[in-house]
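Residue numbers (the working numbering): 344 to 565.
Glycine is no exception: its CB is placed at the ideal position from the N, C-alpha and C atoms.
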Ligand code: ADP
């Protein structure tokens, strides 16, 4: 059906450019330079990210994904996530801030899934924010639940696109998103994962001002 057509289309793009470069190298019309090898490498990376995302999506959609709920102390967990992404943020010149409410919060979540969701949302924040901008990750407890927000002051999302961003393969700006290495299914996976944790995900955005994603899911009773 449409899903299969989408997958085929998404796989074909990086494959075509990979084999295009290789053919050019063999024929001698593309220089055997570091730049060429970097381009091939980038396309191959795109393909493997896409395949990884497709595998996650198919597992979670088949309902076969195991969800392993444990208590996760919020602050060390979030600090670890931030530390892992700091180099990429520094490289682009985007600030990554972490704000946690005073007092300990403990998430009840699947560590790998929550990790995946936050990496994806922060990665988007970075991707769609110009250098000099800021992405802020914050967490607070709210009536037995926790609320995590990821707020950026990037390009924002138009009101026309906003209702569709959690759909599989939806991209607000197709060529630009692909150019920036996006697969168009990161948010679909994030939403499925958060729902599997018994939570939900919401978005608010203004074009030219920025975007806020809000995740809500269960906290451990203290
Ligand atoms: P992609 O891999 O293309 O980023 P996602 O599923 O993660 O796919 O996001 C879907 C679309 O939502 C993106 O193509 C982009 O247009 C939009 N989007 C997601 N996060 C942001 C953000 N923080 N700022 C602006 N646009 C965003």
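Contacting residues, own chain, Cβ-Cβ under 7 Å from residue i (five flanking each side not counted)
{"i": "residue 453", "result": "410, 411, 412 and 540"}
{"i": "residue 509", "result": "530, 531 and 534"}
{"i": "residue 475", "result": "436"}
{"i": "residue 570", "result": "Residue numbering for the chain in the displayed model covers 344 to 565; residue 570 lies beyond these limits and cannot be assessed."}
{"i": "residue 429", "result": "439"}
{"i": "residue 484", "result": "444, 448 and 562"}
Spatial neighbours of residue i in its chain, beta-carbon cut-off 6 Å, leaving aside the 5 residues before and after
{"i": "residue 456", "result": "536"}
{"i": "residue 501", "result": "550"}
{"i": "residue 408", "result": "402"}
CB contact flag (residue i, residue j, <8 Å)
{"i": "residue 525", "j": "residue 470", "result": "yes"}
{"i": "residue 460", "j": "residue 533", "result": "yes"}
{"i": "residue 432", "j": "residue 439", "result": "yes"}
{"i": "residue 294", "j": "residue 480", "result": "Shown here, the chain extends from 344 to 565; a query on residue 294 therefore has no answer."}
{"i": "residue 553", "j": "residue 494", "result": "yes"}
{"i": "residue 332", "j": "residue 488", "result": "There is no way to answer for residue 332, as the model of the chain reaches only from 344 to 565."}
{"i": "residue 556", "j": "residue 464", "result": "yes"}
Residue range of the unbroken beta strand (DSSP E) whose run includes residue i
{"i": "residue 557", "result": "553–561"}
{"i": "residue 488", "result": "488–495"}
{"i": "residue 504", "result": "No beta strand (DSSP E) contains residue 504, which DSSP labels as neither H nor E."}
{"i": "residue 481", "result": "477–485"}
{"i": "residue 526", "result": "Counting along the chain, residue 526 falls outside any beta strand (DSSP E), and DSSP gives it neither H nor E."}
Rounded C-alpha distance that separates residue i from residue j
{"i": "residue 356", "j": "residue 363", "result": "11 Å"}
{"i": "residue 498", "j": "residue 446", "result": "33 Å"}
{"i": "residue 417", "j": "residue 482", "result": "8 Å"}
{"i": "residue 561", "j": "residue 492", "result": "15 Å"}
{"i": "residue 496", "j": "residue 542", "result": "25 Å"}
{"i": "residue 373", "j": "residue 385", "result": "16 Å"}
{"i": "residue 347", "j": "residue 398", "result": "13 Å"}
{"i": "residue 545", "j": "residue 358", "result": "34 Å"}
{"i": "residue 466", "j": "residue 381", "result": "21 Å"}
{"i": "residue 423", "j": "residue 370", "result": "47 Å"}
{"i": "residue 434", "j": "residue 458", "result": "22 Å"}
{"i": "residue 486", "j": "residue 345", "result": "41 Å"}
{"i": "residue 473", "j": "residue 516", "result": "16 Å"}
{"i": "residue 425", "j": "residue 354", "result": "31 Å"}
{"i": "residue 394", "j": "residue 477", "result": "30 Å"}
{"i": "residue 538", "j": "residue 507", "result": "17 Å"}
{"i": "residue 427", "j": "residue 396", "result": "20 Å"}
{"i": "residue 490", "j": "residue 390", "result": "33 Å"}
{"i": "residue 352", "j": "residue 419", "result": "40 Å"}
Cβ neighbours of residue i in the same chain (closer than 8 Å, five flanking residues each side left out)
{"i": "residue 383", "result": "361, 364 and 365"}
{"i": "residue 401", "result": "none"}
{"i": "residue 563", "result": "414, 449, 450 and 451"}
{"i": "residue 505", "result": "546 and 548"}
{"i": "residue 404", "result": "535"}
For residue i, the first and last residue of its enclosing alpha helix (DSSP H)
{"i": "residue 419", "result": "417–435"}
{"i": "residue 454", "result": "454–470"}
{"i": "residue 400", "result": "377–404"}
{"i": "residue 545", "result": "From DSSP, residue 545 is part of no alpha helix (DSSP H) but of the beta strand (DSSP E) over 543–549."}
{"i": "residue 354", "result": "345–370"}
{"i": "residue 540", "result": "Unbroken run through residue 540: none, as it is neither H nor E."}
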